[in-house]
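In our numbering, the protein residues as written are 302 to 498. Notes follow the structure.
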Amino acid sequence: MTGRIRELGPLLRGRARQEGLVPALAGLHAALSPRAPHHGPTGFAVAPAELADGGAERTERLPGGEVVVLRGEPGAEPEDWGEAVVWLRLGCSEALRETAVGHLGERVSGGSALLHRQLVRAQLADALTGQLEVRAVLDRPEPRTAADLAHAHDRLSAADRGLARLLGASGYLLGGPGHVADVSALLAAAYAHPEES
302 MTGRIRELGP LLRGRARQEG LVPALAGLHA ALSPRAPHHG PTGFAVAPAE
352 LADGGAERTE RLPGGEVVVL RGEPGAEPED WGEAVVWLRL GCSEALRETA
402 VGHLGERVSG GSALLHRQLV RAQLADALTG QLEVRAVLDR PEPRTAADLA
452 HAHDRLSAAD RGLARLLGAS GYLLGGPGHV ADVSALLAAA YAHPEES
């Protein structure tokens with residue numbers, strides 16, 4: 302872990318958790334690829350719309366702005382990029398968990414909050430366990446391998462899918478928390494190395 306990612310990673314996580322995916326993604330590009338969106342090994346880039354010169358394959362409108370998916374030539378990966386993406390996704394996943402807990406705490410069935418139901422608590426525990434596992438990998442002093450990052454992406458994607466289900470239909474609305482989780486998964490797909498999948 303370089304000194305830069307020791308500082309940048311937690312900042313991206315906090316920004317994603319508090320402000321959302323788009324501001325955190327803007328911070329990622331500003332710190333590690335300020336001149337142009339970084340295209341991953343598959344040739345795709347996921348970036349805030351203001352960084353694109355057009356030619357977006359896909360545009361996603363999220364709270365905090367628009368994100369575009371661009372196709373281009375695979376670029377040389379900036380140092381710490383892969384790990385920074387995991388930090389960003391961790392913050393998004395934690396925000397989704399907080400949204401789910403708030404949502405479930407307000408819903409009542411049979412005289413008690415849904416949050417107190419055993420199956421709901423088990424799903425929340427699974428998500429939290431995955432997030433804590435990712436955090437433990439990111440916090441350890443040894444360098445992260447491609448396999449470590451791939452596993453972290455898998456754990457975050459699984460946690461996000463479970464959390465979106467807990468939100469019911471509201472978890473799948475465009476611009477909603479599940480939509481943010483979908484774009485977070487696009488980040489993993491765009492920047493995972495072929496040997497990581």
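For each residue, glycine too, the CB sits at the ideal point set by N, CA and C.
Smallest Cα separation from residue i: which of the options?
i: residue 487; options: 316, 430, 304, 326; result: 326
i: residue 470; options: 404, 366, 426; result: 404
i: residue 334; options: 481, 376, 398; result: 376
i: residue 374; options: 348, 341, 357, 449; result: 341
i: residue 304; options: 443, 449, 472; result: 443
Would you please state the rounded distance, in angstroms, between the beta carbons of residue i and residue j? I believe it to be under 8 Å.
i: residue 401; j: residue 468; result: 6 Å
i: residue 389; j: residue 313; result: 4 Å
i: residue 391; j: residue 435; result: 5 Å
i: residue 457; j: residue 477; result: At roughly 18 Å, the Cβ-Cβ gap does not stay under 8 Å, so residue 457 and residue 477 are not in contact.
i: residue 428; j: residue 460; result: 4 Å
i: residue 386; j: residue 492; result: 5 Å
i: residue 309; j: residue 381; result: 7 Å
i: residue 324; j: residue 365; result: 5 Å
Whole angstroms are fine: how far does the CA of residue j sit from the CA of residue i?
i: residue 455; j: residue 417; result: 27 Å
i: residue 379; j: residue 343; result: 15 Å
i: residue 421; j: residue 433; result: 18 Å
i: residue 350; j: residue 370; result: 9 Å
i: residue 352; j: residue 332; result: 13 Å
i: residue 462; j: residue 472; result: 10 Å
i: residue 311; j: residue 445; result: 16 Å
i: residue 426; j: residue 441; result: 22 Å
i: residue 394; j: residue 306; result: 19 Å
What do you get for residue i, buried or exposed, if any count of 16 or more other CB atoms within 10 angstroms of its CB means buried?
i: residue 328; result: buried
i: residue 497; result: Low confidence applies here, because residue 497 scores a pLDDT of 46, under 50, leaving its location unreliable; read the following figure in that light. Classification of residue 497: buried, given that the 10 Å Cβ count is 16 or more.
i: residue 316; result: buried
i: residue 489; result: buried
i: residue 439; result: buried
i: residue 479; result: buried
i: residue 453; result: buried
i: residue 475; result: exposed
i: residue 406; result: exposed
i: residue 384; result: buried
i: residue 414; result: exposed
i: residue 398; result: buried
i: residue 423; result: exposed
Less than 6 Å between C-beta atoms, sequence neighbours within five positions excluded: which residues of the same chain meet that for residue i?
i: residue 361; result: 368, 484
i: residue 396; result: 318
Ordered along the chain, which non-local residues of its own chain (more than five positions away) have a Cβ less than 7 Å from that of residue i?
i: residue 358; result: 370, 371, 372
i: residue 449; result: 438
i: residue 338; result: 330, 346, 348, 352, 353, 371
Beta-carbon within less than 8 Å of residue i's beta-carbon, same chain only, minus the 5 sequence neighbours each way: which residues are those?
i: residue 320; result: 365
i: residue 466; result: 424, 472
Measure from the C-beta of residue i to each C-beta in chain B and report whether the shortest distance is under 8 Å.
i: residue 418; result: No chain B is present in this structure, which holds just one protein chain.
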